[in-house]
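Here the sequence shown stands for residues 12 to 691, numbered as in the working numbering. Contents: one structure, followed by commentary.
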Amino acid sequence: MGRTLQNTMINLGLQNACDEAVYQLGLDMEELEEIEEDAGLGNGGLGRLAACFLDSMATLGLAAYGYGIRYEYGIFNQKIRDGWQVEEADDWLRHGNPWEKARPEYMLPVHFYGRVELSASGAKWIDTQVVLALPYDTPVPGYMNNTVNTMRLWSARAPNDFNLRDFNVGDYIQAVLDRNLAENISRVLYPNDNFFEGKELRLKQEYFVVAATLQDIIRRFKASKFGSTDSVRTVFDSFPDQVAIQLNDTHPAMAIPELMRIFVDIEKLPWDKAWDITKRTFAYTNHTVLPEALERWPVDLVEKLLPRHLQIIYEINQRHLDHIASLFPNDVDRLRRMSLIEEGSTKRINMAHLCIVGSHAVNGVAKIHSEIVRTQVFEDFAALEPEKFQNKTNGITPRRWLLLCNPGLAELIAEKIGEDYVRDLSQLTQLHKFVDDDLFIREVAKVKQENKVKFALYLEKEYKVKINPSSMFDVHVKRIHEYKRQLMNCLHIITMYNRIRRDPAKLFVPRTVIIGGKAAPGYHMAKMIIKLINAVAQVVNNDPMVGSKLKVIFLENYRVSLAEKVIPATDLSEQISTAGTEASGTGNMKFMLNGALTIGTMDGANVEMAEEAGEENLFIFGMRVEDVTELDRKGYNAQLYYDRLPELKQAVDQIKSGFFSPKDPNLFSDVVNMLFHHDR
């Protein structure tokens with residue numbers, strides 16, 4: 012979510028009044044804003060997308076709630092020590108959070124473990140351990156429309172009789188200390204982006220948010236006139252007309268068996284009716300096609316933690332497979348491919364399959380991604396129900412990503428086309444009239460230059476690095492991942508460095524290359540890439556032959572509040588993932604909205620950005636999805652490129668020989684080995 016203060020002032024139309032009032036108190040509003048901690052409760056694009064959606068839904072006046080976990084420790088703070096990433100705990104609540112309001116009156120129980128008892132009246136989940144979910148509400152104001160929605164985040168609390176209720180002669184002190192075990196559920200965010208780590212605590216977190224949220228939704232439904240009760244029990248027929256639940260990736264997939272459990276076991280609905288309501292309630296957004304990111308939970312773990320849910324998943328799967336068998340008799344391979352359960356050394360539940368089967372709509376997050384979802388990753392499911400698969404290209408909120416971070420540009424645009432565009436970015440096409448207006452073009456360039464000077468001053472103040480504000484700011488900020496190809500950018504930096512040294516007199520447009528982003532703590536290759544970038548920076552930035560022509564900066568601790576500073580100052584936006592790997596990307600949109608040019612591949616939303624802006628207005632390069640598929644088919648041999656391209660050979664040899672790590676010449680051997688032998 013980032014910071015809240017400035018966004019709230021803008022959406023309430025109070026920014027100028029507050030600036031003035033604070034100034035009259037002898038204070039500086041910008042200094043005050045810098046004190047607020049970022050709320051970093053997600054990893055990368057998926058979490059920021061949810062934050063942008065909350066702002067947009069409030070601005071559209073939709074009755075929408077954002078649900079999640081109130082992590083005590085969010086995404087780690089990144090420190091760079093001696094060129095390596097070091098993680099520090101993000102103790103963001105240390106000084107309290109003025110935007111949240113605890114709501115103990117809405118506290119709800121969440122059950123774990125236990126066993127299932129089958130009786131004539133149906134299944135009962137008994138002997139469970141209870142954890143309480145305490146909600147904290149944060150207001151989400153719409154832009155100038157008197158709407159305030161709610162983000163509700165759950166915190167885990169142990170019940171007061173925790174570990175004391177069981178015929179416990181035992182240790183009272185230890186029992187109280189053990190309350191931590193329950194409360195650990197909301198302690199810390201798992202820091203993986205686009206990678207699945209099948210840990211029990213993570214599954215607990217996923218079920219915790221789902222179980223609390225569904226109880227909350229059903230309570231609200233029953234209290235409304237639609238859920239009004241006759242003498243016996245609630246009629247749930249209108250539930251899907253009153254409630255829509257969007258699953259942000261598969262992380263909340265347990266909501267599907269949980270809603271079924273509530274309907275069948277507790278509300279005593281017949282299975283078929285419960286299933287019809289459930290399917291019409293859920294829709295699923297797929298966020299990635301990388302196989303290592305797909306959630307596949309071991310059956311044994313689910314059986315231990317959520318025994319009733321496993322039974323329900325088996326029943327869903329049985330009916331699902333019976334249906335397919337009736338349509339495709341004797342096609343056992345199709346049944347295997349489409350099952351929710353993957354057989355193997357460890358049986359696993361494919362959560363994406365569960366989401367597809369349990370939802371009435373499935374979407375990808377950009378045209379090209381939705382196409383890949385339909386025709387490759389889930390082709391069997393799309394063949395069965397083509398109408399279920401849709402596209403919803405991602406977007407960004409123009410309030411935070413233009414008005415808030417770039418007031419100079421926002422004001423210039425408003426002078427030309429009015430202020431309505433802030434609610435409707437399609438109105439920016441009105442700027443076409445001014446492409447030949449020299450004064451306007453100069454003003455836009457002047458705003459960019461002012462933003463660059465301001466960012467250069469920030470870098471000097473905070474990190475003691477001096478950069479040339481008249482150089483080209485070439486910026487590559489996002490999570491560090493092999494598919495995002497920060498390594499390719501690094502090879503390009505080395506090549507530019509070598510060209511300058513080979514011919515120092517040759518004209519070279521001075522550039523400052525800024526790379527930033529966090530690596531998941533357990534992702535060895537990503538951490539090596541950070542070290543390599545810093546090692547290259549060390550050499551380049553201290554070579555007198557290069558001088559101020561080329562500078563390399565690794566931007567420490569990239570986060571929302573830092574994005575708000577660097578994006579408006581950017582000249583060149585790097586969006587260079589291998590075609591077919593970045594589902595959408597949203598940073599790409601933020602840079603373009605702030606007047607940067609894009610260098611990128613035909614991947615994710617870049618494709619639609621090129622379509623919209625005209626391909627001649629982006630620097631598009633590299634293989635298309637079809638080329639990647641073809642290269643995969645015929646086999647990729649890195650050695651051929653190394654042998655054929657002398658500049659590439661020189662760059663790789665420098666990394667290999669220890670030119671950038673003289674104290675440890677073999678430091679980057681893993682990176683070089685990956686480039687030659689298993690570079691996806």
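Ideal placement from N, C-alpha and C gives every residue a C-beta, glycine not left out.
Sequence-distant residues of its chain with Cβ nearer than 8 Å to residue i (five each side left out)
{"i": "R513", "result": "none"}
{"i": "A186", "result": "F173, N174, L175 and N179"}
{"i": "K358", "result": "P309, V310, D311 and I352"}
Per-residue burial, residue i [other beta carbons within 10 Å of its own, 16 or more giving buried]
{"i": "A2", "result": "Only positions 12 to 691 of the chain appear in the structure, and residue 2 is not among them; the question remains open."}
{"i": "E303", "result": "exposed"}
{"i": "G13", "result": "buried"}
{"i": "F687", "result": "exposed"}
{"i": "H331", "result": "buried"}
{"i": "I277", "result": "exposed"}
{"i": "Q586", "result": "buried"}
{"i": "L73", "result": "exposed"}
{"i": "N648", "result": "exposed"}
{"i": "V220", "result": "buried"}
{"i": "A624", "result": "exposed"}
{"i": "V476", "result": "exposed"}
{"i": "D9", "result": "No answer is possible for residue 9: the residues shown for the chain start at 12 and end at 691."}
{"i": "D204", "result": "buried"}
{"i": "S218", "result": "For the sequence presented, residue 218 should be read as Tyr rather than Ser. Y218 should be labelled buried."}
{"i": "V551", "result": "buried"}
{"i": "L414", "result": "buried"}
{"i": "R453", "result": "exposed"}
{"i": "W710", "result": "Outside the shown range of the chain, which is 12 to 691, sits residue 710, and nothing can be said about it."}
{"i": "N462", "result": "buried"}
{"i": "R272", "result": "buried"}
{"i": "G209", "result": "exposed"}
Chain-order list of residues whose beta-carbon lies under 7 Å from that of residue i (same chain, five-residue window excluded)
{"i": "F60", "result": "It is Leu, not Phe, that sits at residue 60 in the sequence shown. Around L60: N405 and T597."}
{"i": "S668", "result": "P676"}
{"i": "L23", "result": "P152"}
{"i": "E194", "result": "A167, R168 and A169"}
{"i": "R434", "result": "T70 and Y154"}
{"i": "A75", "result": "M68 and N160"}
{"i": "E493", "result": "M536 and R691"}
{"i": "S572", "result": "G13, R14 and D49"}
{"i": "N259", "result": "L57, A61 and T296"}
Where residue i sits in the DSSP three-state scheme
{"i": "N160", "result": "strand"}
{"i": "V199", "result": "strand"}
{"i": "E83", "result": "coil"}
{"i": "A167", "result": "strand"}
{"i": "Y78", "result": "strand"}
{"i": "K601", "result": "helix"}
{"i": "L305", "result": "coil"}
{"i": "T609", "result": "strand"}
{"i": "F451", "result": "helix"}
{"i": "F64", "result": "helix"}
{"i": "F219", "result": "helix"}
{"i": "F630", "result": "strand"}
{"i": "T589", "result": "coil"}
{"i": "N22", "result": "helix"}
{"i": "T440", "result": "helix"}
{"i": "H334", "result": "helix"}
Beta-bridge partners of residue i, as assigned by DSSP
{"i": "T523", "result": "F484 and K562"}
{"i": "T15", "result": "Answer is none; T15 lacks a bridge partner."}
{"i": "Q140", "result": "F123"}
{"i": "S130", "result": "G133"}
{"i": "D148", "result": "K112 and R163"}
{"i": "E98", "result": "Q89"}
{"i": "T296", "result": "N259 and N374"}
{"i": "A50", "result": "G13"}
Other residues of its chain near residue i: CB distance less than 6 Å, five sequence neighbours each side excluded
{"i": "A28", "result": "none"}
{"i": "E149", "result": "It should be pointed out that residue 149 corresponds to Thr in this sequence rather than to Glu. Excluding positions up to five away in sequence, the list reads W110, E111 and M162."}
{"i": "L656", "result": "none"}
- Query: In chain order, which continuous runs of the beta strand (DSSP E) of length 3 or greater are located wholly inside the stretch 338-424?
  - Reply: Unbroken beta strand (DSSP E) runs of no fewer than 3 residues, entirely contained in the stretch 338-424, are found at 359-361, 372-375 and 400-402, following chain order.
- What are the complete beta strand (DSSP E) segments, minimum 3 residues, inside the stretch 541-587? Listed in chain order, the complete beta strand (DSSP E) runs (minimum 3 residues) inside the stretch 541-587 are 561-566 and 583-586.
- Query: Which whole runs of the alpha helix (DSSP H) in the stretch 233-281 are 4 residues long or more, in chain order?
  - Reply: DSSP runs (the alpha helix (DSSP H)) wholly in the stretch 233-281: 250-253 and 266-272.
- Query: Going along the chain, which unbroken runs of the beta strand (DSSP E) with 3 or more residues stay wholly within the stretch 659-691?
  - Reply: For the stretch 659-691, not a single whole beta strand (DSSP E) run of length 3 or above is found.
- Message: Could you tell me which whole beta strand (DSSP E) segments of length 3 or greater appear in the stretch 458-516?
- Response: Segments of the beta strand (DSSP E) lying fully in the stretch 458-516: 483-488.
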